[in-house]
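S.K.: Numbering (our numbering), first residue to last: 620 to 935.
Sharing a structure here in structure tokens format.
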């Protein structure tokens, strides 16, 4: 695997590359959102590859002071849409690009702007079954998992936000390190951390907006340490969620036993020795479903990149 792998340095200025997220655009080439340091709180940047190997690419500054916790997806209109945290306003912001490289015609909107609390942390974006973006994030002040559903493809109107899981508090929250996917049933499912139990938690939404009928489950721990950080979720070929997460320097994969992850879950330690999927809090997607329907997990070990190829759909 990875024969002929090549490394491309795309942007090296001003601490570029923090909180990165990647998607494949409608042109078949990668587009990457990330933060860089020039603004008071970091700016949102996008690099668009102009060929499959990124030998040629363009980089644009999309928005100042809003380059934290970026997550990118390609909308049904074929254009990138990026969720990110506006740290200056304590708000969730979404930028819909006006072209494939986000170089013109972008529209940025505060999708969830609660001046009382601090929302928009740990964003993760997916395109819902209705074709509109749906975003998981955290209300940090309340210690809650929050979900925002856009009212159109650009998130410029008709947006709604709701508390999807609320067992936590500011001192023992849920909702951090979130990752969202759309299940085979067409409903959002979100992996995140249960700060009360110090464990992985999964919330399966009861409708497209996660406003009712949600089922949240804290997954039984398999290690003595804290679990559920730096989560990444995908839907396997069996229609069930697969989640990678960290446990005090250990890398685990959890396979859900049903569509809501409420029973029959199985977690397995797949690496040890200070392995990490990304820097703390960054939402880089580090789990995917590879050929043959088998999960592939990326991680770092002693500052070196590694990949785990699971031998079964459940990694068990």
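Cβ atoms here follow ideal geometry from the backbone N, Cα and C, with glycine treated the same way.
(1) Helix, strand or coil: which one does DSSP assign to residue 912?
(2) For residue 843, is the classification buried or exposed, using 16 other Cβ atoms within 10 angstroms of its Cβ as the cut-off for buried?
(3) Could you check what DSSP says for residue 705 in three-state terms: helix, strand or coil?
(4) Keeping to the same chain, check which residues put their C-beta closer than 6 Å to that of residue 837; ignore five residues upstream and five downstream.
(5) If you draw a straight line from the C-alpha of residue 778 to the C-alpha of residue 671, how long is it?
(6) From this set, 886, 827, 716, which residue's C-alpha is nearest residue 933's C-alpha?
(7) Among 915, 830, 912, 823, which one has its Cα closest to the Cα of residue 882?
(8) Are three or more beta carbon pairs between the stretch 744–759 and the stretch 673–687 nearer than 8 Å?
(9) Should residue 711 be labelled buried (16 or more other beta-carbon atoms within 10 Å of its own) or exposed?
(10) Could you tell me the alpha carbon to alpha carbon distance between residue 749 and residue 806, rounded to whole angstroms?
(11) Measure how close the beta-carbons of residue 872 and residue 929 come, nearest whole angstrom, since I'm counting them as under 8 Å.
(12) State the CB to CB distance for the pair residue 945 and residue 774, rounded to an integer number of angstroms; the pair is presumed to be in contact (CB under 8 Å).
(13) Measuring alpha carbon to alpha carbon, tell me which residue in 783, 675, 648, 725 is nearest residue 664.
(14) State the Cα-Cα distance for the pair residue 649 and residue 700, rounded to the nearest angstrom.
(15) Along the chain, where does the beta strand (DSSP E) that runs through residue 960 open and close?
(16) Terminal residues of the continuous beta strand (DSSP E) containing residue 691?
(17) Which residues in the same chain have their Cβ closer than 7 Å to the Cβ of residue 682, if we skip the five residues on either side of it in sequence?
(18) Name the two residues that bound the continuous beta strand (DSSP E) containing residue 745.
(19) Within 10 angstroms of its Cβ, does residue 763 collect 16 or more other Cβ (buried), or is it exposed?
(20) Give the straight-line distance between the Cα atoms of residue 868 and residue 852, rounded to the nearest whole angstrom.
(21) With a CB to CB cut of under 8 Å and the five nearest residues on each side skipped, what residues in its chain are close to residue 743?
(22) Pull up the distance between the alpha-carbon of residue 909 and that of residue 856, whole angstroms please.
(23) Checking the sheet assignment: what are the DSSP bridge partners for residue 677?
(24) Looking at the strands, I want to know which residues DSSP matches up with residue 812.
(25) Would you tell me roughly how many angstroms separate the C-alpha atoms of residue 849 and residue 723, rounded to the nearest one?
(26) For residue 666, which residues from the same chain have a beta carbon less than 6 Å from its beta carbon, with the 5 sequence-adjacent residues on both sides left out?
M.R.: On the basis of the coordinates in this document:
(1) helix
(2) exposed
(3) Looking at residue 705 - three-state DSSP - the assignment turns out to be strand.
(4) 813, 816, 818, 820
(5) 35 Å
(6) 886
(7) 823
(8) no
(9) buried
(10) When the Cα atoms are used, residue 749 and residue 806 turn out to be separated by approximately 10 Å.
(11) 7 Å
(12) It is not possible to answer for residue 945, since the shown part of the chain is limited to 620 through 935.
(13) 725
(14) 13 Å
(15) Since the first residue shown for the chain is 620 and the last is 935, residue 960 is missing from the structure and cannot be characterised.
(16) 687–693
(17) 662, 663, 714, 727
(18) 740–746
(19) buried
(20) Distance between the alpha carbons of residue 868 and residue 852: 19 Å.
(21) If we look at residue 743 and ignore the five residues flanking it on each side, its Cβ neighbours are 690, 702, 754, 755, 756, 797, 798, 799, 809, 902.
(22) 10 Å
(23) 667
(24) 795, 819
(25) 32 Å
(26) 629, 630, 651, 676, 678
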